[in-house]
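Undergrad: Before I ask anything, here is the structure I am working with.
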DNA sequence: GTTGAGCGTT
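Residue numbers (the working numbering): 156 to 252.
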C-alpha cells in the first residue's frame, strides 16, 4: 500500500495549493498536485496528494471521500502509479496513428 | 467532467 491518493470530482477552479490545503486539515501533506491538461493549461478535474504516512492517508480518505468541495462531489482513494497504465508507459507516449 | 509527463523515433 502506498500513501498516494487519487482525488477526483474536483472543480476546474481548484488548483494544487487548494488541494493541499484541503488535505492538510486531515493530515500531513507531503505533496499535492492537480492535474492540468497540458494543451489547455486548465484542470482536468482530478489530482493527487501524498500524505506523510499511510495512516494519515487513510483518515484523509475517510474524512474527504464522498464530501463536496467547490460545488462538486469528491472522490478520494489510494492511487495507482502511472507506470501501471499502458497508455503512456515506455514504448511510445504520443499517438502516431 | 475519474488515475499525473515529456523526451523523441524504438
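Even glycine gets a Cβ: it sits at the ideal position worked out from N, Cα and C.
Bear in mind the structure is a predicted one, so any value in this text is a computation, not a measurement.
Residues in its own chain within less than 7 Å of residue 216 by CB, not counting five upstream and five downstream?
TA: Answer for residue 216: 160, 231, 232, listed in chain order.
Undergrad: DSSP state of residue 225, grouped into three classes?
TA: Of the three classes helix, strand and coil, the one that applies to residue 225 here is coil, per DSSP.
Undergrad: Quick check on residue 185: does DSSP put it in helix, strand or coil?
TA: Residue state, collapsed to three classes: strand.
Undergrad: According to DSSP, what are the bridge partners of residue 158?
TA: Per DSSP, none; premise fails for residue 158.
Undergrad: For residue 227 versus residue 164, is the C-beta distance shorter than 8 Å?
TA: Closer than 8 Å, so yes.
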